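These notes are about the structure you will find just below.
In the working numbering, the protein residues as written are 33 to 144.
Okay, here's the thing in structure tokens:
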């Protein structure tokens, strides 16, 4: 199994978490820890770049949904950007658009 690679950068007023590799149950705690760290800044806008996240499973999506709920409760937002076709299929199957706003690009997610 390959590793999950996460990179955080600051773009304008948003924290961008770039995800590369398998966003699956085996790496859910790694994803959770990265998001938890970003959520320490109440009111933060977090954009999760999913362009290179594959494969993607429901467990990882659950981590994203939970983080989105925490972000909104704290006055911030969590948005998804450029999901791979595989990630998009999981999002659609789980009917997650209501909880996880998704945008074609990082720039559009930041400006939303």
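Heads up, the beta-carbon is just placed ideally off N, CA and C, and yes, glycines get one too.
Computed from a predicted model, the values in this text were never measured in an experiment.
Looking from the CA of residue 137, the closest CA among 100, 35, 116 and 38 belongs to 116. DSSP places residue 60 within a helical segment (H, G or I) once states are collapsed to three. The beta-bridge partner set that DSSP reports for residue 116 is empty. A contact between stretches requires three or more CB pairs, one per stretch, nearer than 8 Å, and the stretch 124–136 fails this requirement with the stretch 48–65. Cβ contact annotation for residue 112 (same chain, cutoff 6 Å, sequence separation greater than five): 80, 82, 132 and 134, in chain order. Contact annotation, residue 92 with residue 60: C-beta distance approximately 6 Å; criterion of less than 8 Å satisfied. Per DSSP, the continuous alpha helix (DSSP H) segment holding residue 98 begins and ends at 90–105. If you look at residue 137, you'll find it isn't in any alpha helix (DSSP H); DSSP assigns it neither H nor E. In this structure, DSSP gives residue 109 an extended state, which the three-state scheme calls strand.
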